[in-house]
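Following this line, the structure appears as structure tokens:
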């Protein structure tokens, strides 16, 4: 993970909101019928919650994935996203120790 990439990604309010939702997916996306902690949340459900165009949300999620903050899982025609908690631990350590 490049430090500058992470900070750029975190500079957008909607991307921050998505990360907050994915921290507790069972609260923000109830009744998914899947193990949201293991599989994640479908991009379509994230898009509905943001109210933005699916292309915008997909771009935001791609940026979060490139920065290493989320992990995608493909199931059939759907893509699911979950937080990469290891990356958040590394980022917290970076902020605590280097900044």
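In the numbering used here, the protein residues as written are 7 to 105.
Each residue gets a CB set at the ideal place from its N, CA and C atoms; glycine is no exception.
Exposed unless 16 or more other CB atoms sit within 10 angstroms - verdict on residue i
i	result
residue 13	exposed
residue 90	buried
residue 15	buried
residue 44	exposed
Whole-Å CB distance - residue i paired with residue j, under 8 Å assumed
i	j	result
residue 27	residue 55	7 Å
residue 25	residue 67	Incorrect: roughly 10 Å between the Cβ atoms, too far for contact.
residue 46	residue 88	3 Å
residue 9	residue 100	7 Å
Segment limits, alpha helix (DSSP H) that includes residue i
i	result
residue 21	19-29
residue 61	60-72
residue 16	9-16
residue 50	49-56
Residue i: first and last residue of the uninterrupted beta strand (DSSP E) it sits in
i	result
residue 84	84-89
residue 77	76-81
Spatial distance of residue i from residue j (CA atoms)
i	j	result
residue 72	residue 11	8 Å
residue 63	residue 49	8 Å
residue 17	residue 42	26 Å
residue 69	residue 19	14 Å
residue 86	residue 21	16 Å
residue 60	residue 84	13 Å
residue 31	residue 93	18 Å
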